[in-house]
Amino acid sequence: MLIDTHCHLSFNAFDDDWKNAVKRAQKKDVQMVCVGAARATSEKSVTIAEESDGVFASIGMHPTHVLDEEFDVAWFSKQARNPKVVAIGETGVDHYHLDEARKGEILAKQDVLLKQHLQIAKENNLPVILHTRDGKTESTGEAYNHLIRVLKEFGYYKGVVHCFGGDWETAQQLLDLGLMISFTGIVTFKNASESLREVVKNVPADRFMVETDAPYLAPEPFRGKQNEPSYVEHVARGIALIRGEDYDTLASQTTKNARTFFNLS
Numbered sequence: 020m021l022i023d024t025h026c027h028l029s030f031n032a033f034d035d036d037w038k039n040a041v042k043r044a045q046k047k048d049v050q051m052v053c054v055g056a057a058r059a060t061s062e063k064s065v066t067i068a069e070e071s072d073g074v075f076a077s078i079g080m081h082p083t084h085v086l087d088e089e090f091d092v093a094w095f096s097k098q099a100r101n102p103k104v105v106a107i108g109e110t111g112v113d114h115y116h117l118d119e120a121r122k123g124e125i126l127a128k129q130d131v132l133l134k135q136h137l138q139i140a141k142e143n144n145l146p147v148i149l150h151t152r153d154g155k156t157e158s159t160g161e162a163y164n165h166l167i168r169v170l171k172e173f174g175y176y177k178g179v180v181h182c183f184g185g186d187w188e189t190a191q192q193l194l195d196l197g198l199m200i201s202f203t204g205i206v207t208f209k210n211a212s213e214s215l216r217e218v219v220k221n222v223p224a225d226r227f228m229v230e231t232d233a234p235y236l237a238p239e240p241f242r243g244k245q246n247e248p249s250y251v252e253h254v255a256r257g258i259a260l261i262r263g264e265d266y267d268t269l270a271s272q273t274t275k276n277a278r279t280f281f282n283l284s
């Protein structure tokens with residue numbers, strides 16, 4: 020079996036088809052964590068998890084929403100106690116989708132938002148799902164440096180950096196803090212960077228997980244189509260190929276990693 024540790028079945032791209040997506044995943048023995056990115060999608064993620072076997076929820080607010088939605092600490096704190104909620108997030112730092120005229124204001128708000136998530140996670144002993152994206156004109160790693168700074172300021176490192184796209188030096192810094200990293204279908208792309216392949220090759224076997232980030236980033240051979248949790252096998256196979264490892268062994272290890280990280284029964 021496999022666990023897709025990051026998918027967005029609560030997004031409009033799935034609409035009412037999320038039930039069929041879950042069924043297709045179940046047929047392939049795939050469990051999943053359905054991740055919210057705002058209050059509405061977090062609420063739907065919880066509903067999907069409660070109505071589905073092998074589906075768990077993560078609740079949070081994406082950093083790109085800091086200007087258009089108020090983070091309701093009380094509501095998210097209450098939902099964090101739901102037994103189907105296994106993580107807080109997706110949250111983090113995003114330098115890509117920025118209004119340059121308000122950059123300082125937005126990044127400051129992202130810091131506050133991230134620390135609010137970290138506080139809820141700490142109070143409930145839950146891991147955090149972390150989003151990190153560099154700016155269009157930034158040197159690689161600026162957003163990761165920002166993330167590391169905030170995490171160190173707060174002092175909570177029970178988290179996973181999802182859709183990792185940095186280099187090995189950055190990965191080592193994150194791993195040294197005790198964080199996990201997660202890979203998407205990007206690892207299967209023909210144009211995947213050598214720096215990412217280096218990370219895939221070198222990350223310790225017990226420190227990474229697999230994800231689809233559905234409906235985005237469909238792996239080969241589905242690239243360009245809508246992604247879904249049942250495709251996570253292709254991500255795992257791509258990683259096994261890069262690492263030169265047996266697929267079944269790798270699948271078993273990543274599943275063990277996810278069960279431990281999210282404290283899944």
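Residue numbering for the sequence shown follows our numbering, beginning at 20 and increasing consecutively. From the three backbone atoms N, C-alpha and C, an ideal C-beta is built for every residue, glycine too.
Can you tell me whether residue i is buried or exposed? The criterion is at least 16 other CB atoms within 10 Å of its CB, across all chains shown.
i: Tyr163; result: buried
i: Asn92; result: The residue asked about is misnamed: residue 92 is Val in this sequence, not Asn. With fewer than 16 other Cβ atoms within 10 Å, it is exposed.
i: Leu236; result: buried
i: Pro248; result: buried
i: Leu86; result: exposed
i: Glu188; result: exposed
i: Arg58; result: buried
i: Trp37; result: buried
i: Val131; result: exposed
i: Pro82; result: buried
i: Lys220; result: exposed
i: Lys155; result: exposed
i: Ala270; result: buried
i: Asn210; result: exposed
Roughly how many angstroms lie between the CA atoms of residue i and residue j, to the nearest whole one?
i: Leu283; j: Ala120; result: 44 Å
i: Leu137; j: Lys46; result: 35 Å
i: Asn144; j: Phe241; result: 37 Å
i: Tyr115; j: Glu70; result: 35 Å
i: Asn31; j: Leu194; result: 34 Å
i: Asp232; j: Cys182; result: 8 Å
i: Asp225; j: Asn276; result: 6 Å
i: Ser77; j: Pro234; result: 16 Å
i: Ala40; j: Arg256; result: 20 Å
i: Phe95; j: Asn101; result: 10 Å
Hey, residue i and residue j are a contact pair by Cβ (cut 8 Å); roughly how many whole angstroms apart?
i: Val52; j: Ala106; result: 7 Å
i: Phe208; j: Glu239; result: 7 Å
i: Val206; j: Thr273; result: Actually they are not in contact, since the Cβ atoms of Val206 and Thr273 sit about 12 Å apart, beyond 8 Å.
i: Met199; j: Phe75; result: 16 Å between Cβ atoms; not a contact.
i: Tyr176; j: Gly160; result: Going by Cβ atoms, the distance from Tyr176 to Gly160 rounds to 18 Å, so no, they are not a contact pair.
i: Leu149; j: Val179; result: 7 Å
Tell whether a beta-carbon distance below 8 Å holds between residue i and residue j.
i: Val147; j: Thr110; result: yes
i: Val104; j: Leu133; result: no
i: Met80; j: Ala44; result: no
i: Val251; j: Leu21; result: yes
i: Val54; j: His25; result: yes
For the beta strand (DSSP E) containing residue i, name the first residue and the last one.
i: Ile22; result: Leu21 to Cys26
i: Ala106; result: Val104 to Asp113
i: Thr203; result: Counting along the chain, Thr203 falls outside any beta strand (DSSP E), and DSSP gives it neither H nor E.
i: His150; result: Val147 to Arg152
i: Val222; result: From DSSP, Val222 is part of no beta strand (DSSP E); its letter is neither H nor E.
i: Ser71; result: Segment: none, Ser71 is in no beta strand (DSSP E) and carries neither H nor E.
I need the boundaries of the alpha helix (DSSP H) containing residue i, first residue and last residue.
i: Glu188; result: Trp187 to Asp195
i: Ser29; result: Counting along the chain, Ser29 falls outside any alpha helix (DSSP H), and DSSP gives it neither H nor E.
i: Gln138; result: Lys122 to Asn143
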